[in-house]
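Read through the structure below, which is laid out as structure tokens, and then see the notes.
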Ligand code: HAM
């Protein structure tokens with residue numbers, strides 16, 4: 252009898268109920284991606300290993316221990332992708348996407364590979380969905396990526412999740428923090444594992460996510476080394492989250508296991524199933540572009556969620572949300588104060604069950620209105636500087652071109668009226 256083969260260990264076949272759950276998550280991700288203005292990207296499963304050694308960092312666990320790397324017949328060093336951010340940035344630079352209107356907003360839903368030690372929730376081939384915003388950075392963008400994730404989780408019936416969040420500083424304040432951390436680790440050297448002894452020299456931040464030694468408990472915290480700009484930036488992200496009632500918890504020791512992060516970093520965890528690993532994570536990564544060959548830093552921010560872990564949680568919480576329709580409303584904004592109000596209004600529309608889209612990454616009103624037009628929405632809501640001060644919005648009926656100013660608190664009611672009118676006009680009469 253010939254040998255009976257098995258799926259490689261740490262990998263799985265997807266069929267039956269598991270396949271249907273995958274499809275469900277994919278559907279909800281795609282719908283939300285379109286609502287929040289993200290377009291799809293698929294990069295190759297294999298990349299030049301340098302994309303990851305330079306991008307993620309040589310002294311990270313992923314690069315040191317977990318990559319599937321090999322030489323091609325021609326002798327090129329390649330690796331199966333362990334994550335999606337570095338390949339997306341590689342694609343952005345390779346195709347000169349910085350010459351297009353910024354930011355570029357991509358989403359992906361793809362398999363990734365890490366040679367991990369086998370345990371529940373850790374696979375060697377796993378799936379992620381991710382969002383990357385490249386070419387513009389702001390607290391509103393950071394916050395909105397987190398909000399988009401909560402929107403997806405909500406649509407999947409997952410409610411018991413919070414985001415643990417920290418800010419690890421820009422290059423300048425991070426190097427002060429590293430110096431202090433290195434000094435602390437030197438004093439604790441005897442209690443460090445072999446890996447952390449090495450990391451103290453090469454990359455002290457990595458010691459903070461070591462599962463083996465407990466040196467991190469009284470370690471210096473990044474928050475105490477932030478410059479004024481970084482502190483303000485962090486504060487703004489938290490304000491946005493508060494405004495949106497996103498459950499968050501500052502975690503002063505959170506650094507994440509990839510070297511490319513440069514500012515705000517966060518992880519999504521279940522508030523009920525404490526035994527579960529984090530379901531996703533992300534943050535700002537302004538310096539990744541330079542590690543991958545760009546001459547200048549390019550602001551960027553993103554997140555990736557583990558699909559298997561999201562499905563586990565979806566099954567535990569036992570609810571599947573409803574599908575939403577294509578957006579009928581678009582919210583455009585001009586100015587910092589208007590952006591804040593627009594973000595809040597966006598979530599109010601969503602909670603009220605109205606399908607709404609935006610383009611908060613774009614600052615020009617013209618390009619936002621162009622996008623609204625392309626999407627074929629029925630109503631565009633415009634919040635300019637003046638409206639933001641007056642607590643008002645402009646409602647534009649896209650078919651008649653008629654505009655009126657209304658109180659922000661009546662925006663949902665007035666928008667519903669226009670949509671109802673349009674629907675009754677377009678429904679066939681028999
Ligand atoms: P990460 O934290 O390495 O971040 O992975 C994101 C998520 O992928 C994890 O929170 C987890 O849910 C899932 N995941 C990771 N490894 C495994 C595994 N072995 N088995 C199952 N699930 C796993 C990144 O990958 C970054 N690229 C996130 C990002 C995007 N940062 C900025 N943009």
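In my numbering, the protein residues as written are 252 to 681. Virtual Cβ for every residue (Gly too), placed ideally from N, Cα, C.
So does the stretch 364-373 actually touch the stretch 312-328, counting three or more Cβ pairs closer than 8 Å?
Counting Cβ pairs under 8 Å, three or more are found: they touch.
Check whether the stretch 582-596 touches the stretch 439-449, counting contact only when three or more Cβ pairs, one atom from each stretch, lie closer than 8 Å.
Flag = no, the stretch 582-596 and the stretch 439-449 do not touch.
Under 8 Å, do residue 562 and residue 272 count as touching if we go by C-beta distance?
In the chain shown, residue 562 corresponds to position 311, counting from 1. In the chain shown, residue 272 corresponds to position 21, counting from 1. Going by C-beta atoms, residue 562 is nearer than 8 Å to residue 272.
Please go through the stretch 425-491 and give each complete alpha helix (DSSP H) segment of 4 or more residues, from N-terminal end onward.
Counting only runs of 4 or more, we get 445-453.
Among residues of its own chain, excluding the 5 on either side of residue 573, which ones have a beta-carbon nearer than 6 Å to its beta-carbon?
Taking the chain shown and counting its residues from 1, the one referred to as residue 573 is at position 322. At residue 573 the pLDDT is 46, less than 50, meaning the model places this residue with poor confidence; the figure from the coordinates comes in the next sentence. If we look at residue 573 and ignore the five residues flanking it on each side, it has no Cβ neighbours.
Looking at the structure shown, is residue 406 part of a helix, part of a strand, or coil, going by DSSP?
On the chain shown, residue 406 is found 155 positions in, with the first residue counted as 1. Three-state DSSP puts residue 406 in a helix.
Pull up the distance between the alpha-carbon of residue 518 and that of residue 474, whole angstroms please.
Position 267 of the chain shown, counting from 1, holds the residue named residue 518. Position 223 of the chain shown, counting from 1, holds the residue named residue 474. Rounded to whole angstroms, residue 518 to residue 474 spans 17 Å at the Cα level.
Are the CB atoms of residue 583 and residue 620 nearer to each other than 8 Å?
The residue labelled residue 583 in the question sits at position 332 within the chain shown. The residue labelled residue 620 in the question sits at position 369 within the chain shown. Contact: yes.
Looking at the secondary structure, which residues open and close the alpha helix (DSSP H) in which residue 283 lies?
Counted from its first residue, the chain shown places residue 283 at position 32. Here the alpha helix (DSSP H) through residue 283 covers 267-286.
Less than 8 Å between the beta carbons of residue 579 and residue 629, yes or no?
For this step, residue 579 is matched to residue 328 along the chain shown. For this step, residue 629 is matched to residue 378 along the chain shown. Against a cut-off of 8 Å, the Cβ pair of residue 629 and residue 579 comes out as a contact.
Quick one: what does DSSP say residue 300 is sitting in, helix, strand or coil?
Here residue 300 refers to the residue found at position 49 when the chain shown is read from its first residue. Reduced to three states, the DSSP call for residue 300 is helix.
What's the call for residue 642, buried or exposed, on a 16-neighbour Cβ count within 10 Å?
The residue you call residue 642 lines up with position 391 of the chain shown. Residue 642 is exposed by the Cβ-count criterion.
Could you check if residue 559 belongs to the surroundings of the ligand FAD, using beta carbon to heavy atom distance under 7 Å?
Absence of the ligand FAD from the depicted structure is noted, with the ligand HAM being the only ligands included.
At what residues does the beta strand (DSSP E) containing residue 547 begin and finish?
Numbered from its first residue, the chain shown carries residue 547 at position 296. Residue 547 -> no beta strand (DSSP E), and no H or E assigned at all.
Can the beta-carbon of residue 388 be found less than 8 Å from the beta-carbon of residue 601?
Counting from 1 along the chain shown, the entry for residue 388 is found at position 137. Counting from 1 along the chain shown, the entry for residue 601 is found at position 350. Contact flag unset, no.
Around the Cβ of residue 422, are there at least 16 other Cβ atoms within 10 angstroms (buried) or fewer (exposed)?
Taking the first residue of the chain shown as position 1, residue 422 is located at position 171. Label assigned to residue 422: exposed.
Work out the CA separation of residue 327 and residue 409 for me, nearest whole Å.
Indexing the chain shown from 1 puts residue 409 at position 158. Indexing the chain shown from 1 puts residue 327 at position 76. Their Cα atoms are separated by approximately 43 Å.
Is it buried or exposed for residue 270, if we count other Cβ within 10 angstroms and need 16 for buried?
As a working note, residue 270 is residue 19 in the chain shown. Result: exposed.
My understanding is that residue 585 touches residue 663, with C-beta atoms under 8 Å, so please give their C-beta distance in whole angstroms.
Here residue 585 is taken as the residue at index 334 of the chain shown, counted from 1. Here residue 663 is taken as the residue at index 412 of the chain shown, counted from 1. Rounded, the Cβ-Cβ distance is 21 Å, inconsistent with contact.
For a quick check, are the C-beta atoms of residue 415 and residue 302 less than 8 Å apart?
Taking the first residue of the chain shown as 1, we reach residue 415 at position 164. Taking the first residue of the chain shown as 1, we reach residue 302 at position 51. No; because the gap between Cβ atoms is not below 8 Å, this pair is not in contact.
Could you tell me if residue 252 is buried or exposed, where buried requires 16 or more neighbouring beta carbons within 10 angstroms of its beta carbon?
Residue numbering aside, residue 252 sits at position 1 when the chain shown is read from its first letter. Classification of residue 252: exposed, given that the 10 Å Cβ count is below 16.
Among 419, 433 and 350, whose alpha-carbon lies nearest the alpha-carbon of residue 507?
In the chain shown, counting from the first residue as 1, residue 507 sits at position 256. Nearest of 419, 433 and 350 to residue 507, Cα basis: 419.
From this set, 564, 665, 360 and 372, which residue's C-alpha is nearest residue 412's C-alpha?
Position 161 of the chain shown, counted from the start, is the residue given in the question as residue 412. Checked all of 564, 665, 360 and 372; the closest Cα to residue 412 is 564.
If you reduce the DSSP assignment to three classes, tell me which class residue 675 lands in.
Numbered from 1 along the chain shown, position 424 holds the residue referred to as residue 675. Three-state DSSP puts residue 675 in a helix.
Please tell me whether residue 382 and residue 516 are closer than 8 Å, where the distance is taken between their beta carbons.
Stepping through the chain shown from its first residue, residue 382 is reached at position 131. Stepping through the chain shown from its first residue, residue 516 is reached at position 265. No, Cβ-Cβ distance for residue 382 and residue 516 is not below 8 Å.
Does the Cβ of residue 336 lie closer than 7 Å to at least one heavy atom of the ligand HAM?
For the purposes of this step, residue 336 is taken as residue 85 along the chain shown, with counting starting at 1. Checking every heavy atom of the ligand HAM against the Cβ of residue 336, one is found closer than 7 Å.
In whole angstroms, give me the CA-to-CA distance for residue 333 and residue 541.
Residue mapping note: residue 333 aligns to position 82 of the chain shown, counting from 1. Residue mapping note: residue 541 aligns to position 290 of the chain shown, counting from 1. Approximately 20 Å between the Cα atoms of the pair.
If I measure Cβ to Cβ from residue 321 and keep anything under 7 Å in the same chain, skipping five residues before and after, which residues do I get?
As a working note, residue 321 is residue 70 in the chain shown. Around residue 321: 329.
With distances taken from CA atoms, which of 361, 492 and 523 is nearest residue 559?
Counting from 1 along the chain shown, the entry for residue 559 is found at position 308. Selected option, being the one with the closest Cα: 361.
Determine the extent of the alpha helix (DSSP H) in which residue 619 is found, giving its start and end residues.
Numbered from its first residue, the chain shown carries residue 619 at position 368. First-last of the alpha helix (DSSP H) with residue 619: 616-626.
Does the Cβ of residue 562 lie closer than 7 Å to at least one heavy atom of the ligand HAM?
The sequence position of residue 562 within the chain shown is 311, counting from 1. No, the beta carbon of residue 562 sits no closer than 7 Å to any heavy atom of the ligand HAM.
Along the beta strand (DSSP E) that carries residue 501, what are the first and last residues, could you check?
Residue 501 sits at position 250 when you count from the first residue of the chain shown. Note, residue 501: beta strand (DSSP E), 499-501.
When you compare the CB positions of residue 375 and residue 544, do they come within less than 8 Å of one another, or not?
The residue given as residue 375 occupies position 124 in the chain shown. The residue given as residue 544 occupies position 293 in the chain shown. It is not a contact, given that the beta carbons lie outside the stated cut-off.
In angstroms, rounded to a whole number, what distance separates the CA positions of residue 380 and residue 650?
Position 129 of the chain shown, counting from 1, holds the residue named residue 380. Position 399 of the chain shown, counting from 1, holds the residue named residue 650. Rounded to the nearest angstrom, the two C-alpha atoms are 36 Å apart.
Using 7 Å as the cut-off, classify the Cβ of residue 683 as near or not near the heavy atoms of the ligand HAM, replying yes or no.
Absent from the structure is residue 683, since the part of the chain shown begins at 252 and ends at 681.
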